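Each residue of the sequence shown is one higher than the one before, starting from 1 at the first, in the UniProt record's numbering.
We treat Cβ as the ideally placed atom computed from N, Cα and C, and that holds for glycine.
Since the model is a prediction, treat every value here as computed from it, not as a measurement.
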Amino acid sequence: MIGKDDAGRRWSIGEVARVSGTTVRALRHYDEIGLLSPSERTASGHRRYTELDVRRLYQVRALRSLGVSLEEIASVLSDSTGGLGAMRDLLAEQLRGLEVHATQVRQLTEQLRGLLGQIDRASMPDPDQFLTTLEMISVFETYFTTEQREQLARRRAELGSESIEAAKSEWAGLVEELLRHVEEDTPVEDPQVRSLVARWDALAGRFHADGGDGEQTKAAAQRMWDDNSEEIGRSLPWPTDRMRDLVRYLERVRQAG
1 MIGKDDAGRR WSIGEVARVS GTTVRALRHY DEIGLLSPSE RTASGHRRYT ELDVRRLYQV
61 RALRSLGVSL EEIASVLSDS TGGLGAMRDL LAEQLRGLEV HATQVRQLTE QLRGLLGQID
121 RASMPDPDQF LTTLEMISVF ETYFTTEQRE QLARRRAELG SESIEAAKSE WAGLVEELLR
181 HVEEDTPVED PQVRSLVARW DALAGRFHAD GGDGEQTKAA AQRMWDDNSE EIGRSLPWPT
241 DRMRDLVRYL ERVRQAG
């Protein structure tokens, strides 16, 4: 927290990004398009977010999690009174969405366990079982709109299979190097660490569009990880808890920069 006066608390952009799970780039983009502009600025021009701004950010994030586009969110918020009734309706809708999603995740988990168990018994699952699983996996696609999935697919097609495989290899090397720094608790200001994180972000950036569209797909990917790190982590060669620590470390390095 930056401070508090008679008008209430104030947060810097870095603090808001850190505690909300929103990237600094996304917050700046929200400001540029007029979706969420900080109510105050310091004499030197630094953004300062108020309690009202934090509530608006929650509304933005909640609506995004429900699949609403930024343009639609701007329209919804401009027509909303912002009172208790509107906030309660939003929270209730978000809760309903999360309850449905939680049920779907549990069902998918059980389905995959069943397939693995059958294969462990040297019995190949039949096509209907695979189709059912594929249908359930599509749940995770709800984190991206159809347009966003198309954007990501175009980027992969532009990169080509060889570049994608090279990127995977480079990413694996970065994970190993950065995990070592996480374990050694290397200061986030360390030049070598900052260089590694810059390489990480540049590598990830290759798979996203430029500008605001890319920021939205990055934010969707972050939400997917936040909500499903346990499930996603099982597909990676590193323990899930170490990967969670790494993701938090990356954000600390970015904030320090």
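Practice problem: Mind checking which residues open and close the beta strand (DSSP E) that includes R9? | Solution: Indexing the sequence shown from 1 puts residue 9 at position 9. 8-10 is the extent of the beta strand (DSSP E) around R9.
Self-check item: Check whether L70 and I33 have beta carbons under 8 Å apart
Solution: By 1-based counting over the sequence shown, the position of residue 70 is 70. By 1-based counting over the sequence shown, the position of residue 33 is 33. Yes.
Exercise. Assess, as a yes-or-no matter, whether the stretch 193-212 is touched by the stretch 144-161 under the definition of 3 or more beta carbon pairs within less than 8 Å.
Key: yes
Quiz item: Quick one: what's got a C-beta closer than 7 Å to residue 266's C-beta in the same chain, skipping five residues either side?
Solution: The first residue shown for the chain is 1 and the last is 257, placing residue 266 beyond what the model contains.
Quiz item: How many Å lie between R55 and G214 at the Cα?
Solution: For the purposes of this step, residue 55 is taken as the residue at position 55 of the sequence shown. For the purposes of this step, residue 214 is taken as the residue at position 214 of the sequence shown. Whole-angstrom Cα-Cα distance: 25 Å.
Quiz prompt | Buried versus exposed, by CB contacts within 10 Å (16 or more), T42 | solution = Translated into positions along the sequence shown, residue 42 becomes position 42. That one is exposed.
Quiz prompt | Which of helix, strand or coil DSSP assigns to R41 | solution = By 1-based counting over the sequence shown, the position of residue 41 is 41. It is a strand residue.
Quiz item: What do you reckon, are the CB atoms on T23 and R61 nearer than 8 Å?
Solution: Within the sequence shown, the letter at position 23 stands for residue 23. Within the sequence shown, the letter at position 61 stands for residue 61. Against a cut-off of 8 Å, the Cβ pair of R61 and T23 comes out as no contact.
Quiz item: Are there 16 or more other CB atoms within 10 angstroms of the CB of Q192, so buried, or fewer, so exposed?
Solution: In the sequence shown, counting from the first residue as 1, residue 192 sits at position 192. Exposed, since its Cβ has fewer than 16 Cβ neighbours within 10 Å.
Quiz prompt | Residues sharing a beta bridge with Y49, DSSP | solution = As a position in the sequence shown, residue 49 is number 49, starting the count at 1. According to DSSP, Y49 bridges with W11.
Exercise. Kindly indicate which three-state DSSP category V139 falls into: helix, strand or coil?
Key: In the sequence shown, residue 139 corresponds to position 139, counting from 1. Because the pLDDT at V139 is just 42, under 50, the model does not fix this residue reliably, and the value given afterwards should be weighed accordingly. Looking at V139 - three-state DSSP - the assignment turns out to be helix.
Practice problem: Check each candidate in T240, T109, L52 and name the one with the smallest Cα separation from L77. | Solution: Taking the sequence shown and counting its residues from 1, one reaches residue 77 at position 77. The shortest C-alpha separation from L77 is found at L52.
Quiz item: Is any heavy atom in the ligand NAP found nearer than 7 Å to the beta carbon of E40?
Solution: As presented, the structure is devoid of all ligands, the ligand NAP included, so that no description of it is given.
Quiz item: Once you ignore the five residues that flank E162 on each side, which residues in its own chain have a CB closer than 8 Å to its CB?
Solution: Taking the first residue of the sequence shown as 1, we reach residue 162 at position 162. Same-chain partners within the cutoff: there are none.
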